[in-house]
Structure formats: C-alpha cells, structure tokens
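Asker: If you scroll down you'll find the structure; I have some questions about it.
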Amino acid sequence: MRNKLFDTFDEAVADIPDGASIMFSGFAGPGTPRNLIAALHRQGAKEIHAISNTPGRWGDSSLVDLSLLVQSRRVAKVSAAFTAATHPSAKLPFTELYEAGEIDAELMPQGTLAERIRAAGAGIAGFYTAAGVGTEIADGKEVRNFDGRDYLLELPLPADYAFIHAHTADDLGNLQYRLTQRNFGPIMARAAKVTIVELDEPIVLSGDIDPDAVHTPGIFVDRMIVIPADATKEVKNQR
Amino acid sequence: MRNKLFDTFDEAVADIPDGASIMFSGFAGPGTPRNLIAALHRQGAKEIHAISNTPGRWGDSSLVDLSLLVQSRRVAKVSAAFTAATHPSAKLPFTELYEAGEIDAELMPQGTLAERIRAAGAGIAGFYTAAGVGTEIADGKEVRNFDGRDYLLELPLPADYAFIHAHTADDLGNLQYRLTQRNFGPIMARAAKVTIVELDEPIVLSGDIDPDAVHTPGIFVDRMIVIPADATKEVKNQR
Amino acid sequence: MTNKKPIDRQAMANRIAMEFQDGWVVNLGIGIPTLCSNFVHPDKEIVYQAENGVVNYGPMAVDGEEDLWLVNAGGQYVLPQPGMATMDHSDSFALIRAGYVDVTVLGAYEVAANGDFANWRVTGRKGGGIGGAMDLAVSAKNVYVIMDHTTRDGQARLVERCALPLTAVGVVKLIATNLGLIEVTLSGFVLKEIAPDYSPEEVQALTGAPLAIAPGLREFQVAS
Amino acid sequence: MTNKKPIDRQAMANRIAMEFQDGWVVNLGIGIPTLCSNFVHPDKEIVYQAENGVVNYGPMAVDGEEDLWLVNAGGQYVLPQPGMATMDHSDSFALIRAGYVDVTVLGAYEVAANGDFANWRVTGRKGGGIGGAMDLAVSAKNVYVIMDHTTRDGQARLVERCALPLTAVGVVKLIATNLGLIEVTLSGFVLKEIAPDYSPEEVQALTGAPLAIAPGLREFQVAS
Chain A
1 MRNKLFDTFD EAVADIPDGA SIMFSGFAGP GTPRNLIAAL HRQGAKEIHA ISNTPGRWGD
61 SSLVDLSLLV QSRRVAKVSA AFTAATHPSA KLPFTELYEA GEIDAELMPQ GTLAERIRAA
121 GAGIAGFYTA AGVGTEIADG KEVRNFDGRD YLLELPLPAD YAFIHAHTAD DLGNLQYRLT
181 QRNFGPIMAR AAKVTIVELD EPIVLSGDID PDAVHTPGIF VDRMIVIPAD ATKEVKNQR
Chain B
1001 MRNKLFDTFD EAVADIPDGA SIMFSGFAGP GTPRNLIAAL HRQGAKEIHA ISNTPGRWGD
1061 SSLVDLSLLV QSRRVAKVSA AFTAATHPSA KLPFTELYEA GEIDAELMPQ GTLAERIRAA
1121 GAGIAGFYTA AGVGTEIADG KEVRNFDGRD YLLELPLPAD YAFIHAHTAD DLGNLQYRLT
1181 QRNFGPIMAR AAKVTIVELD EPIVLSGDID PDAVHTPGIF VDRMIVIPAD ATKEVKNQR
Chain C
2001 MTNKKPIDRQ AMANRIAMEF QDGWVVNLGI GIPTLCSNFV HPDKEIVYQA ENGVVNYGPM
2061 AVDGEEDLWL VNAGGQYVLP QPGMATMDHS DSFALIRAGY VDVTVLGAYE VAANGDFANW
2121 RVTGRKGGGI GGAMDLAVSA KNVYVIMDHT TRDGQARLVE RCALPLTAVG VVKLIATNLG
2181 LIEVTLSGFV LKEIAPDYSP EEVQALTGAP LAIAPGLREF QVAS
Chain D
3001 MTNKKPIDRQ AMANRIAMEF QDGWVVNLGI GIPTLCSNFV HPDKEIVYQA ENGVVNYGPM
3061 AVDGEEDLWL VNAGGQYVLP QPGMATMDHS DSFALIRAGY VDVTVLGAYE VAANGDFANW
3121 RVTGRKGGGI GGAMDLAVSA KNVYVIMDHT TRDGQARLVE RCALPLTAVG VVKLIATNLG
3181 LIEVTLSGFV LKEIAPDYSP EEVQALTGAP LAIAPGLREF QVAS
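Protein chains in written order, with my numbering: chain A, 1 to 239; chain B, 1001 to 1239; chain C, 2001 to 2224; chain D, 3001 to 3224.
In structure tokens, the structure reads:
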C-alpha cells in the first residue's frame, strides 16, 4: 500500500511551486485547512491562485486562514464568492489589497463556484446556470435561452492542489467529514491534481469505515497529516 | 410531522396518471423497485415514459422489473443506456417490441443518462460531455470545442415520479442505501416531482440516522413503504 | 428625523417568518434574516436549509453548547436536531438551483418596484460579497427581503430602478422594512401593513417609487 | 478452419491484466474483461472500479457468499474488501469522465486501425447496449479491448474502418485476441505477440487491415 500519511505539514506542502493554483476548503470556520495554510506560509510559495469561498478572515481573526497568505502577498489571484465582507463596515485584508489593485479576483455566485469545481472533477466542459443572469456576472458570458428562461454558460474550475480539512480517514485515504465541515471538501478533492488533507482524528485501518459512509474515496486523496493533539488554537480551532 | 409512510404499495402509486414520466432506480439487481413496479402494473397506468438504466429483464428473469410493464404494453417510451442486452444472443422483451416499432426509445451513454438526471435535480439547463462525440449519439446535437476537444450539449432529464429502492429510512424520509443499491436513487429522488421509496428495513426514528450518513435527505422523499417480511422472492429478491 | 419608533429587527424577522407555510424549506441570508429562525411556529414545521450543506438544522446554539463543526450560512453555531442531514456544497446548491427552497429571506441595499434587487456591492467599492444570494434569488420559489426602509442618511431603499449592481432581476415578492410590509406586484409596490406610529403619506415620502395602499391596509402584525 | 488451439478467454484476460500498473484504477467491461480480476498481481495493488458506484471492490463472490447489494458492472456478485467505498451513479461517472480511470478494458465487435471501435450495436439491429462504454472510452487514460480475432464465421474484427456504429473515435491502444496481442499505433496495427500455433501470415490473413510485425515479436505471454 502506498503510504499517504506524512509526518509534518511542512513535508506535505514542500513541493508546491510558485504560481500553483490551490483550492482551500472551508465555509466560515468548519473545513478550513489552517495547518496546511500555516505550512504553506512557512514554505514561501508565491503567486498563488487561490480558489476558496472567501479570501479569508471570516469569523475569529485570531485563527489562521487564507488571509495569512493574502496579507503576506503570496496570493496573486482569488476565485471566490466574496471579495468583501458581508457587512460593508467590516474590511477584509483582501479587500484593501484588491481595492489598491495589488491582487486580482474572479468573483462569482457561490453555487456557480461550487458547480465549476464540481464540473472540473466530473469531466464536464461547461454548464448552464441561471445564477447571475441580468447582472454584472453575465458580462462577457454566453447567455442562452432554454425553455423560455435565460442561463449563463460557466466553465470548469480545476486546480493543481486542494488543501482540505476532514475529520477521519483510513490508511487508504477514504475520508469522512463532520457536519458542515464537509462543504467544498469532496468536490475539491476530485477537481485537484494533488489533494492534501489535514485530519481532526488519528488514521484508522481500512475496513474501519463503512463503505457507504465514505464521503471522499481514497483514490482522490494523495497526502494526509493528522493535526497533533497539542496544536495551538490558531490552527486547531478548538476551545 | 407529515406522515410519508404508506401501508400498501397500491395506495402509494394509486394517483399515477396515464402518460406519467417515471424514473426507476436500479442497476442489474440492486436498487430495483420491484414492489412499486408490481403495484403500478396492478394499477394499470398506460403510456408511461420510463427512465431507467435498462428497459428491464436484467439478470434473473423470475424477478419483477421494468419488463413487466413493458410486456404488458404500459410503456410508451424508454430513456435508457440499453435497448438491447449486452450479448446479441439474449433478446429482451423490450427489444422485440422496439424492433417491431411498438415502443419508442431514447438511447444514450450511461454517464450521460446519470448526468442528465443529476442536471434535472440540480437546476442545470445543459452541460457538455465528451461521451458520444463522433458517434450516432451526436446526431442532431450541438458539438462544441473547449480547449481543443469536442463535446456534446446534453439537456436535463426530469420526471413526474421516481420509484426508488433504498435500505433504511427515518420517519422524515432520510434515506440510506446499501452498497451498489445506491446507484441512481439519490439523483432520481432529486430530479422527480414525487419520489416514492420502497425499503428493505422498517422505518427508524428521526435522530437514529447519523446526519453525515444520510444519502438522500427527506426533503426529496414523498412516500415510503416498507417491504413486508413475507414478500415473495419475485419482489424481494432474497433467497 | 422624528422620534417615532420604527419596527425593530426581530419584529421584522418575525413578520416575515409568519409567512412561512407548513413544511416549507427555508433559507435565511446573513444578518437580520437569520433572526427568522427565532420565531416559533406552534403549528407549522419549518425545515431550515443552509447553503453550506445542511438541511433541517436546529436553533442557534448558546455559549458553551456549540458544536464546532456545525454552522449556518452566516457562520453562526447552530444546534443539530433529529432528522438533520448534511451534504457537500455542490449537492447543496443543486438542491437550491432545482427549486427545493420554498423561500429565501435576504437582506438588501435596494429593491426596485419591478422586483429587481441589489445586495452585494455598495457604491464606490470594488467587488463585494455575492455569496449564495444570486443562486438563491433565481431559484427559490419565493424571495423575501428584510431591510431598513431607508439608508442611515435617509435615502430611499425602495426605488424605481436599482442604482447598485443587481443581484437578480424581478424576483422579490415581499419586503419587511422597519416601516411596514410591502408587496411587490406587477404594478409595483403595495403597502400592506404599516408601523404603528406612521401614516401612509410618511412612508411614501421615504419611498423612492409610487407606493399603492392596499385596500385592507393594517397595522404591522407582530406575533412573537 | 484449422484445429489449431487459439488462446482461451481467461488467458486473453490475464494477458491484458499483466499490463496493469501498480496503483492503477481499473474498470472492466461486461463479458471477458471481467475475467481480468481473476489475475492475481503478486506485487501490484489494483483498484477495481465499477460504474454502478463502487471503488476498490474485491474478488468475485462464490455461491452462498453473495451480498445481494453488491454487484460489479456486469451484474455479478463481488465481495467487499477493506477500503471499499460506494457512491451514487452521477459521482461514479464524474470520476470516470474526470479521467481517474487508468484503464478500461472493453469487449468489442470491431476495432479499426486508427483506434476507432464499435461495441454497442450489431448489424441489422435497431438500438443496442451502450452502457458506460462511450463515457469510459473517451475518458479513461487507456482503452484496451479483448475480443475474438474474427467473427464466428471468420470475418475480420480488426478492420481498416469500422462498418458498425462507433462507440468512440481513435481511443483503442491495445487489443488482446485469441490469436495475439496487437498494439494500435499511429501507423496502424502492430502484432506484438502471437498465439503459439500460428504464423504472422496466418494472423494477417484473418485481419482486415495491414498488420505490422513488431521487431521483437514473441509468443503470447500467459502468466497465470
């Protein structure tokens, strides 16, 4: 059996080159790969194309998230459903750089983001969705009428790497997520060339996970690291 | 709580009108809704548009499957990945009627069938797949090049009803399937207006199924019936 | 401004929640809309759905009872409840786009008399926060909005035509503001209910488009 | 016909299975291809995937040990094994279309010298059985075919151009027949290995397109 288990986060991200496209799972807190982000920050890769629901700093700002890479100027572009916080008074680190023209963004509806990632991991070359019709999101896109309703053509969004936070795994890389931690994990694992997973719980043996309860089959998982029990709150998010 | 549990299969299919489009889950044996098919046969609805991987009679011919409705001339059209058996020497009941021009068919690649059903339950108005490019399947379809490769535009495939065979359910209709019984169940439950489920096991209480282990959430399920312990082999498929 | 007492946030949310029908699948946007789930329906079952992949979640968690893996679309901790189910993000938006959501309640900066609305970018800013709003707005069977009737400096938010970039075209059906309940009809805004201290003329003066008065205009209904 | 002994079904399957590399995800078509899973790789791990939503399933079940809920794509009962995972049909074909399958082994009626092949409709019939073959054929990293070298009445199945409706265009890379192992190259068929009792000229005579002889032509390799 190929050993997918790495001892350190640093080893698991050591080969990521400048310019890589990386998907980051997570919605609000749950699913955010905080340890992998911290490791990539230490590693130093630059000009990252980050694909994520938000560009970071969502919720508790003491916790590590994508904003760590954004603020240290490691990110060239973000593809996301948010480039600003939901309340105009809250300014994200990303937003300031974006408004200053120092970072690029591709903003899209969250369902379109999810479906574009899903399409990349499903061999679908394009799909039509009604989200964004009649808005700025439609600019430059093909609008097509099906049965009397307009839809936009959207294209798949693949990546070189996916950083995912899951709950449990067996030694083959079969993953389970807990509750809303799942969010983008399963579709990003399928859409990326190399999928790297941080885990809440120690690895179990293959056979210990019910085949019907696997959320991400091991064939989509390349590297795994268990979050150490003594990890700090900033990367573990547990009180 | 709305009671989704029906006492008899006959009551569960009583209102299905002539001309209804009905999805039938199942691949080879597992997942085939044999009791619902038998009940619809007793009920008598005609001119059915059946959406199914095959038009029936796959494997053990003593078991009830879609061929029961086909042979009794209740089916006007089948949308499927097979209109003939995989081996030319095996003639299906459907194939004879089809070659005689007494029944219509829309034949397509199995992945396209699955994705068209998924699209119907995902609000996707069309998608591009490479399956079938350069073959008869492409006849009359838009061919479009993305990044140097040709793809076909395929459209969603919805239905009025879905007949599904699942393993367990709670009283809200949250479903679990067992192993390859899952196949088309989850996508058909989402793509149909009314989803009717037959169950291997007695209903459990809501809360008894781990939320992370639900395969089909109850909001997609309208009616359920538990297969009686004394059901015959023809509809229960157990030895 | 006057010292009249407009309707408060929870009352606006309650008023919208009163419209939910038995068995409805409800999606609540970030901000005031999440308060709708505080309204208790004695005789209706409401299924709350959040775009981050959870159906049939329970009430907001109180301090110390949070499950760190369970949040609503606003990132607030909520409690599990029997019958809850989780799914991934693509399955969640599949559900949304396919029309399984009976109502989405969203915040907005502006709503136009034709049902257009804008809720993702403020004037003079680059980018914004779209989130799931564009998907929800074109897919949910009903789109309701909760917002203040005017901006902080008194500019109308109910307008003839949106000045801000749109979220969706012609979808809003009902608006609860701190001054009343407004239906969006084919002929424009109709005031159905009004805040206790206000007259229709006062509300019209704070509205940027004609406001028809419903024949049965009544006081803002605040069940709690 | 002669009374020479052509290669049997299991040997054809074994020969193809010998090509599988460590860690490959393998999808086996209905019929002879399913026999590939009987070949035991002492030093390789093979992950068998079936389009009905199962990854990493185990060997064929013997009578009495079947699990009625677990079949392969041919509808045959197979055994679960540790590390197996199931999924629904759309997720299964998502996996296939996205290129995660390293090789698909399919049966065929005809293969052309340019890699086109036909396996879903026979002459003179209406409709046929496409199954997952069209999706697999355009998506898998490698498409291998196992079939008899000729029809029962001696017609060539390796042809210049397919007469039957195509399954996919230009995808077949390797063919095991009962007469040998044939690679499909940019310049057409190349005979790499040959059945013990046959000469290259005899195999060419039963082939409907030019058959180049590989420099290192050897006897059909039958590990078991």
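In this text, a Cβ means the ideal position worked out from N, Cα and C, and glycines have one as well. Remember, predicted model here, so these are calculated numbers, not experimental data.
Should residue 3111(D) and residue 3158(D) be called a contact, given that it needs their Cβ atoms to be closer than 8 Å?
Answerer: Here residue 3111(D) refers to the residue found at position 111 when the fourth sequence is read from its first residue. Here residue 3158(D) refers to the residue found at position 158 when the fourth sequence is read from its first residue. In this structure, residue 3158(D) lies closer than 8 Å to residue 3111(D) by Cβ.
Asker: List the residues of chain A that residue 1110(B) touches, going by C-beta distances under 8 Å, in chain order.
Answerer: Residue 1110(B) sits at position 110 when you count from the first residue of the second sequence. Residues of chain A passing the Cβ test: none, with the nearest at roughly 14 Å.
Asker: Since residue 1098(B) is in the alpha helix (DSSP H), which residue starts that stretch and which ends it?
Answerer: Translated into the one-based positions of the second sequence, residue 1098(B) becomes position 98. Its alpha helix (DSSP H) spans residues 1093–1099.
Asker: Return no unless some Cβ of chain D is closer than 8 Å to the Cβ of residue 212(A).
Answerer: By one-based count along the first sequence, residue 212(A) stands at place 212. It does; some Cβ of chain D falls within 8 Å.
Asker: Which of helix, strand or coil does DSSP assign to residue 5(A)?
Answerer: For the purposes of this step, residue 5(A) is identified with residue 5 of the first sequence, where counting begins at 1. DSSP places residue 5(A) in strand when its eight states are reduced to three.
Asker: Residue 11(A) to residue 36(A), Cα distance in whole Å?
Answerer: Translated into positions along the first sequence, residue 11(A) becomes position 11. Translated into positions along the first sequence, residue 36(A) becomes position 36. Cα to Cα, residue 11(A) sits roughly 10 Å from residue 36(A).
Asker: So what does DSSP say about residue 48(A), is it helix, strand or coil?
Answerer: The count along the first sequence starts at 1 and reaches residue 48(A) at position 48. In this structure, residue 48(A) counts as strand in the three-state DSSP scheme.
Asker: DSSP three-state call for residue 1181(B): helix, strand or coil?
Answerer: Mapped onto the second sequence, residue 1181(B) falls at position 181. In the structure shown, residue 1181(B) sits in a helix (DSSP, three-state: H, G or I).
Asker: Chain B beta carbons: is any one of them nearer than 8 Å to that of residue 40(A)?
Answerer: Here residue 40(A) corresponds to residue number 40 of the first sequence, with the count starting at 1. No, no contact with chain B.
Asker: Based on Cα-Cα distance, which residue from 151(A), 212(A) and 158(A) lies nearest to residue 49(A)?
Answerer: On the first sequence, residue 49(A) is found 49 positions in, with the first residue counted as 1. Checking every option, the nearest Cα to that of residue 49(A) belongs to 158(A).
Asker: Using DSSP's beta-bridge definition, name the partner residues of residue 147(A).
Answerer: Within the first sequence, residue 147(A) is the residue found at index 147, counting from 1. In DSSP, residue 147(A) forms no bridge with anything.
Asker: If you measure from the beta carbon of residue 1144(B) to each beta carbon in chain D, is any gap under 8 Å?
Answerer: Against the second sequence, residue 1144(B) aligns to sequence position 144. Output row for residue 1144(B): interface = no.
Asker: What does a CB cutoff of less than 6 Å around residue 3184(D) pick up in its chain, not counting 5 residues either side in sequence?
Answerer: Residue numbering aside, residue 3184(D) sits at position 184 when the fourth sequence is read from its first letter. So the qualifying residues of the chain are 3115, 3172 and 3173.
Asker: Would you decide whether residue 3083(D) is buried or exposed? Buried here means 16 or more other CB atoms lie within 10 Å of its CB.
Answerer: Counted from its first residue, the fourth sequence places residue 3083(D) at position 83. Buried is the call here.
Asker: Quick one: using the 10 Å Cβ neighbour count with 16 as the cut-off for buried, is residue 149(A) buried or exposed?
Answerer: For the purposes of this step, residue 149(A) is taken as the residue at position 149 of the first sequence. It is exposed - the Cβ of residue 149(A) has fewer than 16 other Cβ atoms within 10 Å.
Asker: On the CB-based measure, 16 or more other CB atoms within 10 Å of its CB, does residue 2038(C) come out buried or exposed?
Answerer: Mapped onto the third sequence, residue 2038(C) falls at position 38. That one is exposed.
Asker: What's the call for residue 2149(C), buried or exposed, on a 16-neighbour Cβ count within 10 Å?
Answerer: Counting from one through the third sequence, the residue named residue 2149(C) turns up at place 149. Per the 10 Å Cβ criterion, buried.
Asker: What residues match up with residue 1223(B) in a beta bridge as DSSP calls it?
Answerer: If you number the second sequence from 1, residue 1223(B) lands on position 223. According to DSSP, which records beta bridges pairwise, residue 1223(B) is partnered with 1196(B).
Asker: So residue 1107(B) contacts chain A; which residues on that side make the cut at Cβ distance below 7 Å?
Answerer: Here residue 1107(B) refers to the residue found at position 107 of the second sequence. The contacting residues do not exist; residue 1107(B) stays about 21 Å from chain A at best.
Asker: Quick check: the Cα distance between residue 3004(D) and residue 3180(D), rounded to an integer number of angstroms?
Answerer: Mapped onto the fourth sequence, residue 3004(D) falls at position 4. Mapped onto the fourth sequence, residue 3180(D) falls at position 180. For residue 3004(D) and residue 3180(D), the distance between alpha carbons rounds to 14 Å.
Asker: Report all residues from its chain with a CB closer than 8 Å to the CB of residue 142(A); omit the five preceding and five following residues, and keep chain order.
Answerer: If you number the first sequence from 1, residue 142(A) lands on position 142. Here the set comprises 152 and 153.
Asker: In chain D, what lies closer than 7 Å to residue 219(A) by C-beta?
Answerer: What you label residue 219(A) is simply residue 219 of the first sequence in a count that begins at 1. Result: 3025, 3047, 3055 and 3100.
Asker: Check whether the stretch 3117–3124 of chain D touches the stretch 3063–3075 of chain D, taking contact to mean three or more Cβ pairs, one atom from each stretch, closer than 8 Å.
Answerer: Touching, no, given that fewer than three Cβ pairs across the two stretches are closer than 8 Å.
Asker: What did DSSP end up calling residue 2191(C) once you bin it into helix, strand or coil?
Answerer: Against the third sequence, residue 2191(C) aligns to sequence position 191. Note: residue 2191(C) maps to strand in three-state DSSP.
Asker: Taking C-beta to C-beta, are residue 1033(B) and residue 1187(B) nearer than 8 Å?
Answerer: Reading the second sequence from its first residue, position 33 is the one you call residue 1033(B). Reading the second sequence from its first residue, position 187 is the one you call residue 1187(B). No. Outside cutoff.
Asker: Apart from the five residues on each side of it in sequence, which residues of its chain come closer than 6 Å, Cβ to Cβ, to residue 177(A)?
Answerer: The count along the first sequence starts at 1 and reaches residue 177(A) at position 177. Excluding positions up to five away in sequence, the list reads 166, 167, 185 and 215.
Asker: From the DSSP secondary-structure annotation, give me the bridge partner or partners of residue 1105(B).
Answerer: Looking up residue 1105(B) in the second sequence gives position 105. DSSP lists 1078(B) as partners of residue 1105(B).
Asker: Going by the DSSP bridge assignment, what does residue 1161(B) pair with across the sheet?
Answerer: For the purposes of this step, residue 1161(B) is taken as residue 161 along the second sequence, with counting starting at 1. 1022(B) and 1194(B), per the DSSP bridge assignment.
Asker: What residues from the stretch 3126–3139 of chain D come within 9 Å of chain B, judged by C-beta to C-beta, listed N to C?
Answerer: Correct list: 3126, 3127, 3128, 3129, 3130, 3131, 3132, 3133, 3134, 3135, 3136, 3137, 3138 and 3139.
Asker: Give the residues of chain D in contact with residue 206(A), contact being defined as C-beta atoms less than 9 Å apart.
Answerer: Here residue 206(A) refers to the residue found at position 206 when the first sequence is read from its first residue. Those are 3056, 3081, 3082, 3083 and 3084, listed as they occur along chain D.
Asker: Is there at least one Cβ from chain C nearer than 8 Å to residue 88(A)'s Cβ?
Answerer: Taking the first residue of the first sequence as position 1, residue 88(A) is located at position 88. Closer than 8 Å: yes.
Asker: Please list the partners that residue 1083(B) has in chain D, where partner means a Cβ-to-Cβ separation under 8 Å.
Answerer: Taking the first residue of the second sequence as 1, we reach residue 1083(B) at position 83. 3126, 3127, 3128 and 3129, listed in chain order.
Asker: Cβ closer than 8 Å: which chain B residues qualify as neighbours of residue 123(A)?
Answerer: As a position in the first sequence, residue 123(A) is number 123, starting the count at 1. Chain B residues near residue 123(A): 1129 and 1130.
Asker: For residue 3142(D), does the three-state DSSP call read helix, strand or coil?
Answerer: Here residue 3142(D) refers to the residue found at position 142 when the fourth sequence is read from its first residue. Residue 3142(D) falls in the strand class under three-state DSSP.
Asker: Using a Cβ cut-off of 8 Å (strictly closer), state whether residue 1174(B) contacts chain C.
Answerer: On the second sequence, residue 1174(B) is found 174 positions in, with the first residue counted as 1. Closer than 8 Å to some Cβ of chain C, the Cβ of residue 1174(B) qualifies, so yes.
Asker: Got a sec, what are the start and stop residues for the beta strand (DSSP E) residue 2039(C) sits in?
Answerer: On the third sequence, residue 2039(C) is found 39 positions in, with the first residue counted as 1. Looking at the DSSP string, residue 2039(C) is not in any beta strand (DSSP E), and its letter there is neither H nor E.
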